[in-house]
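Following: one structure in structure tokens, then a few remarks.
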Amino acid sequence: MSVLINQEELFQDRVDNEIKIEPRDWMPDAYRKTLVRQISQHAHSEIVGMLPEGNWISRAPSLKRKAILLAKVQDEAGHGLYLYSAAETLGTSREQMINDLHSGKAKYSSIFNYPTLTWADIGAIGWLVDGAAILNQVMLCRTSYGPYARAMVRICKEESFHQRQGFDILLTLSRGTPAQKEMCQDAINRWWWPSMMMFGPRDSESTNSDQSMKWKIKRKSNDELRQNFVDMCAEQVKVLGMTLPDADLKWNEAEGKYDFGEIDWDEFWNVVKGNGPCNKQRLDARRKAWEEGEWVREAASAFAKKQQQKQKQDKAA
Amino acid sequence: MFLLNYTLYLADNALLLGHRNSEWCGHGPVLEQDIAITNISLDLIGQARNFYQYAALLKNDGSTEDTFAYTRDIREFKNCLLTELPNGDWGQTILRQFLFSNYQYLLYEQLQHGHDQQLAAIAAKALKEVTYHLRWSSEWVIRLGDGTEESHRRMEQAIAEIWSYTGELFIPASYELEANANGIAPDLKTLEVSWLQKVNEIFTAASLSAFAKATADKVYMHKGGKQGNHTEYMGYILAELQFMQRAYPGAEW
Ligand SMILES: [Fe+2]
Ligand SMILES: [Fe+2]
């Protein structure tokens, strides 16, 4: 028992001293579990997140925008790949994680359960959704688990591109025809609150937060990150000449930050529970791709085995 | 005029196949291959843009890469029927890619030494990409042909579905004949010989026999794409591709 306590203390000591935890290091079971849950959830979000934006690849309004969007969605696939690899260092296979996604056991970010209705949604997602993701991910570049932190450093560089590209789509719309301006404002109206929800429940309601902060998996609370997000967007939206759909949004001079209105927590919990507008479609699409790809994956591994055997035989001969 | 039409032919092929491949993005059989097919799609759309930009210069009437892609109707598109076929399963997509990359590789290899400097430059640059597409798709044809019983069966089936759309690649349209006569484009008969050799090599390595059967049976070859006589699939591709430009004419995006 005393050995275990010592290991826990040693572990916490390393975390406190900002020494990264690596795959071979001893770690508490709960730390490992929390990380697998969080990293795989993050990976699933990248992959499911390809769907709402992928929805507009075939309809992008110019060849340049089409190429940018295609490259962006491809980046997200790459992020998924880095993250699955990071989670695999903790002893869970990618296949297992994907099965958990398909069975509904593992979650992904609720934001991707909203539909992309117009081209402006692609801009709004880049600006707001990637924008919110960046705040979270910049924090995670300093997370205590080494492989996760390193994956985040690579991802963050690409995410800031995405945000700029999204903002650029909206900027072009905001300088366009009346119909384009209207499309722009409408997309901001629909994506603002779901984006605010991306930071999770209020700190007072958040169950895992304290332990995650102590382990330095997280380094900022949900409410802190949400405040950063509001402060950033409330300024940027002025450049677009658009507004955020929050009547309570107001600069608070005394506190040096924006005050803002209340999230519709009923909607928040409903989407988490699977009742969002696209929960079913997103999971169905992922399952379909996986099932239809099974024969391909089987063929690839059968072929690889045959090649290995041939090589062995060649060596023996 | 032949040069403009020939350039549009090259552009349309790249755009349509790029468009079809992009439909896989987010739906691939495994993450690494989702990324790979999207890469190929990006390369092809990039090639299409280069050719369209050159076509805009040639036409010199205010046309742009986007007016070519988004405001022409079906009869003006010159791409081969092969490029507009639905993706089918992964095997069909792979096979179509192999057959077309094989053609594009041989075509660009000649085009880069042709008399039109712009086309030669675009082809030279694209050749590096197509070299990779050809290698990637060849490897997949072999892997699926020689993988499991099911994958083998699906590949034979894919050949049966697609083979009759390959003949068109080598039947020259008037603009190709003129481009060839002017030392810009290669002779398609010579190209066809090398193309068949490569197909034979890869299909043999993949233990696929449907090809031998198709050639022995002298399968009927569909044609018409080069003259704007497309499949019914094409109209739906354009409806999606062109939706925004049609719904909001003249807007900047
Ligand atoms: Fe991402
Ligand atoms: Fe992103």
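First to last, the sequence lines map onto chains S and H.
Heads up: the first sequence begins at 342 in the numbering used here, then just goes up one per residue.
Heads up: the second sequence begins at 8 in the numbering used here, then just goes up one per residue.
All C-beta atoms, glycine included, are put in the ideal place defined by N, C-alpha and C.
Reduced DSSP secondary structure (H/G/I, E/B, other) of residue i
| i | result |
| --- | --- |
| Y599 of chain S | strand |
| K230 of chain H | coil |
| I360 of chain S | coil |
| Y486 of chain S | strand |
| A401 of chain S | coil |
| A474 of chain S | helix |
| I558 of chain S | coil |
| I192 of chain H | First, the amino acid is wrong: residue 192 of chain H is Ala here, not Ile. Note: A192 of chain H maps to coil in three-state DSSP. |
| R516 of chain S | coil |
| F540 of chain S | coil |
| L215 of chain H | coil |
| W31 of chain H | coil |
| M8 of chain H | coil |
| P535 of chain S | helix |
| I529 of chain S | helix |
| P256 of chain H | coil |
| M493 of chain S | helix |
| E436 of chain S | helix |
| C619 of chain S | coil |
| M368 of chain S | coil |
| Y182 of chain H | helix |
| C87 of chain H | coil |
| E239 of chain H | coil |
| M162 of chain H | helix |
| Q117 of chain H | helix |
Cβ distance (whole Å) where residue i is taken to contact residue j below 8 Å
| i | j | result |
| --- | --- | --- |
| L469 of chain S | W532 of chain S | 5 Å |
| M524 of chain S | T459 of chain S | 5 Å |
| M480 of chain S | K555 of chain S | Not quite, the Cβ-Cβ distance comes to about 15 Å (not below 8 Å), so this is no contact. |
| F218 of chain H | V200 of chain H | The Cβ separation is near 15 Å, so there is no contact. |
| R627 of chain S | H443 of chain S | 6 Å |
| T14 of chain H | A62 of chain H | 4 Å |
| Q649 of chain S | C32 of chain H | That belief does not hold up - the Cβ atoms of Q649 of chain S and C32 of chain H are roughly 31 Å apart, past 8 Å. |
| L106 of chain H | A640 of chain S | In fact, because the Cβ distance is near 19 Å, the residues do not count as touching under 8 Å. |
| S515 of chain S | A473 of chain S | Wrong, their Cβ atoms sit about 20 Å apart, outside the cutoff. |
| F453 of chain S | G390 of chain S | 5 Å |
| Q506 of chain S | I409 of chain S | 6 Å |
Close beta carbons around residue i, own chain, < 6 Å, minus the five adjacent residues each side
| i | result |
| --- | --- |
| Y425 of chain S | A384, R435 |
| S48 of chain H | G25, N28, S29 |
| P456 of chain S | P618, C619 |
| K361 of chain S | G487 |
| S553 of chain S | K559 |
| K230 of chain H | E175, I178 |
| D41 of chain H | G35 |
| H237 of chain H | I81 |
Residues bridged to residue i [DSSP beta-bridge criterion]
| i | result |
| --- | --- |
| N593 of chain S | S:K598 |
| Y449 of chain S | DSSP, once it has assigned bridges, lists no residue as partnering Y449 of chain S. |
Own chain residues within Cβ distance below 8 Å of residue i, not counting five before or after
| i | result |
| --- | --- |
| E429 of chain S | R435 |
| I475 of chain S | C497, E500, S501, Q504 |
| S214 of chain H | G152, D153, H159 |
| F609 of chain S | S451, M538, P542 |
Same chain, Cβ closer than 7 Å to residue i, neighbours up to 5 away in sequence not counted
| i | result |
| --- | --- |
| Q568 of chain S | K598 |
| N109 of chain H | L141, W202, K205, V206 |
| E168 of chain H | G95, Q99 |
| A133 of chain H | Q54, Y115 |
| R355 of chain S | I362 |
| A127 of chain H | L118, Q119, H120, G121 |
| V613 of chain S | S451 |
| A43 of chain H | W143 |
| D564 of chain S | R543, D544 |
| N189 of chain H | H122 |
| V226 of chain H | W170, S171 |
| E546 of chain S | none |
| L65 of chain H | L10, L11, T14 |
Open item on the list: I'd like to know if the stretch 402-410 of chain S and the stretch 472-489 of chain S are in contact, where contact means that at least 3 CB-CB pairs between them fall below 8 Å.
Closed with: no
Quiz item: Is the stretch 238-246 of chain H in contact with the stretch 178-191 of chain H, if contact means three or more CB pairs nearer than 8 Å?
Solution: no
* To do: Count the CB pairs spanning the stretch 54-61 of chain H and the stretch 14-24 of chain H that are closer than 8 Å, and state whether there are at least three.
  => yes
**Report entry** Stretch pair the stretch 590-605 of chain S + the stretch 354-368 of chain S: three plus CB contacts closer than 8 Å
**Finding:** no
Exercise for the section: Check whether the stretch 243-260 of chain H touches the stretch 72-87 of chain H, counting contact only when three or more Cβ pairs, one atom from each stretch, lie closer than 8 Å. Expected result: yes
Checklist entry - Below 8 Å, can you find three or more Cβ-Cβ pairs linking the stretch 447-454 of chain S to the stretch 404-420 of chain S? => result no
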